[in-house]
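Residue numbers (the working numbering): 136 to 924.
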């Protein structure tokens, strides 16, 4: 049996020593970000992606071993553990294989087969199986015993059949082969439940649907299971497309136990036993197994996609520490206004009414100008909900009328702002402030630093997932927590400005320690250096070791506290300074000197070459932010609604969501357009994430617009005319992601439905309720007819 270390080593294509070191560090309480950044010598450079896989597999394999131990103990207690069975159990490399082996020995309630064995019918079953020349009816009469519940020969034969059916169905080798073949040949079929046609119209694509089970993509699988769970669809697994699809599977069962049709007296009885075994026991069980496999794979893929989109959103370029005006647009109840200073503190709030019904346009511009001048505002952040384009137009007129203010205006996603506004943390962070105004504060801050603001919101509310409410929620939460943790620690955190939610994501910290840090900071003022952390209640050596390197103190009396150099490595920096003949402040940023140094001269028993190389690189650009330079899409003037769009129009937009079937792009018309995977590039694209990610600025061409359905087909293949694409074959029909109301999924509560006290009118959906792939040709035809790829 392979050890856990050997198994993971093979999966990672790494040496056992690397894996052993990582496991040891994890068991000692080290976090993945800490190990990846500050323990490279121990793991010989395993990166955070490898370490996350290692961490996940370590948990799975340990659970498998615990279950293996329990299974072996159970079988041994029954006195049925043979050397061969033990070897099989110890060699089981998945939980499913282990359970297949355990099934014949698993304590269960009294089955029909067990009752038959208790009635003494097992010799009848064994005899007919071993010698089919025996007459079943004649042999059965010998076992009739009313006292044992065997009333007649038919009852005896039925009992014998139940014994064989259970034996056949619990054969682990046969079950494994049948499962593999059914996965290769099985077809998933869905039919509408009679009488549910109208109620389940959103699942109409699946009213008469079939597809090879191994090829069902994740988004379709999740839609199918949702339809089934809502009672709209019947979802069945059929063995294949042949006239008698069960035949090859029955043949496999028969062959396993030497059953053949040769005209012998018991052959027909045995063949019927095989048929019933397959249909009643095996197919039923394998149906559940394989549907579970499809669902698990679909959930895994949906979680992966969500994680990639979330990472891109969290690591979006920050506008920086500039006084910012946040505008949360609304119509009847006005536009909520909040100004935050360079550190994110609220400086002023207000409400203006530039739109219908009040139409206080000029007065609103005057109010904003006065506020911007008073607080030296440089950026304007506009939420992308109801009236966002109208409000964007307002700010453009403000900028034009007051060029002396040097303002810049941008539209940002306000997804999750309502969740933050009504949260317990928001009420503590902004006590006494109206809930609707808190949204404007969040909109302003997320332009300054998306990461610092978005960590305050449940990732599932940010709206970049694909059927996220249909997947395993604990597993999704763990995966997203890992993404957030990795992003926060990749960027680093300002110890003197970070909020509790942000600090809680730092390696080695949790919500409790984060609250203690903030309370200490509020009571004692800003931290003068990293060492002062040790004065925080409950903050021990372990927490300091794990977190210090990721916490920055820009104005510290120790210059290295503003960098990613860990305090434990400060002695190495002192040696570097001595060798260079310069002080720390003088050496920091001196690229020419640092590049001339040989990293190998500063290694020792504790700090190897990888760490020293990281230190030299960090000294060149201390505290460097890995996020890209801040840029923003410029929406085309005069293009504000779907009616303004025309085919062949080239626009700039921002990628808002990436799924397995394409990317959604905000082009400033309150409705995101879809760039199908086939339209992302001039070459074949297997995974859209290889081409674009959430937050990217892209240029797209309008292919077609379906105004009644609020659907926009876009392409990034700018060099081709729409007429050429019109003749292309139809594309695969797919479901759109979570941000609006996916087909097969009820609309989630919209962030733009306005906060308490705000505009109650729902905002226009940023993306259509369902956006199938825009195939070549007429958009409407593509939406309706391109059902299969």
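Backbone N, C-alpha and C fix where the C-beta goes; we use that ideal spot for every residue, glycine too.
- Ranked by Cα distance from residue 729, the options 517, 751 and 735 are led by 751.
- With fewer than 16 other CB atoms across the displayed protein chains lying within 10 angstroms of its CB, residue 319 is exposed.
- Within the region 431-477, the complete beta strand (DSSP E) runs of at least 3 residues fall at 459-463 and 470-475.
- Separation of the CB atoms of residue 323 and residue 263 is rounded to 37 Å, and the pair is thereby denied contact status at 8 Å.
- Counting along the chain, the unbroken beta strand (DSSP E) around residue 811 starts and ends at 808-811.
- Between residue 377 and residue 615, the alpha-carbon positions lie close to 43 Å from each other.
- Contact annotation, residue 786 with residue 840: C-beta distance approximately 12 Å; criterion of less than 8 Å not satisfied.
- The beta carbon of residue 349 is closer than 7 Å to those of 318 and 319 in its chain, skipping five residues each way along the sequence.
- Out of 643, 496, 606 and 366, the CA that lies nearest to the CA of residue 623 is found in 643.
- Taking C-beta atoms as the reference points, residue 260 and residue 299 count as a pair closer than 7 Å.
- Contact between residue 609 and residue 697 fails: their C-beta atoms lie close to 38 Å from each other, not under 8 Å.
- Between the alpha carbons of residue 352 and residue 579 lies a distance of about 38 Å.
- Contact check for residue 638 and residue 618: beta-carbon distance about 17 Å, past the 8 Å limit, so the pair fails to qualify.
- Boundaries cannot be given for residue 683, as no beta strand (DSSP E) includes it and DSSP labels it neither H nor E.
- By the 16-neighbour rule on beta-carbons within 10 angstroms, residue 472 is buried.
- Listed as beta-bridge partners of residue 798 by DSSP are 793 and 810.
- Closest in C-alpha terms to residue 443, from the list 673, 836, 822 and 845, comes 822.
- In terms of CA proximity to residue 208, 242 leads the group 186, 180, 232 and 242.
- Assigned with DSSP and collapsed to three states, residue 774 falls in coil, not helix or strand.
- Taking a contact as a CB-CB distance under 8 Å, the pair residue 810 and residue 850 counts as one, their CB atoms being some 6 Å apart.
- Between the beta-carbon of residue 518 and that of residue 585 there is about 14 Å, and that puts the pair past the 8 Å contact cut.
- For residue 692, DSSP records no beta bridge to any residue.
- The three-state secondary structure of residue 713, taken from DSSP, is helix.
- Beta-bridge partners assigned by DSSP to residue 345: 324.
- Counting every other CB atom within 10 Å of its CB across the protein chains shown gives residue 530 a total of 16 or more, marking it as buried.
- Annotation: the continuous alpha helix (DSSP H) that includes residue 293 extends over 288-304.
- Pairing residue 594 with residue 445 gives a Cβ-Cβ distance under 7 Å.
- Burial state of residue 396 is exposed, judged by a 10 Å Cβ sphere holding fewer than 16 other Cβ atoms.
- About 5 Å separates the beta carbon of residue 685 from that of residue 641, a gap short enough to meet the 8 Å contact definition.
- For residue 369, the uninterrupted beta strand (DSSP E) run begins and ends at 368-373, by DSSP.
- In the DSSP assignment, residue 544 forms a beta bridge with 515.
- The continuous stretches of beta strand (DSSP E) do not include residue 768, and DSSP gives it neither H nor E.
- Contact between residue 392 and residue 605 fails: their C-beta atoms lie close to 41 Å from each other, not under 8 Å.
- Annotation for residue 834: the continuous beta strand (DSSP E) segment containing it runs 832-841.
- Cα atoms of residue 475 and residue 458: separation of roughly 6 Å, rounded to the nearest angstrom.
- Around the CB of residue 415, fewer than 16 other CB atoms lie within 10 Å, so the residue is classed as exposed.
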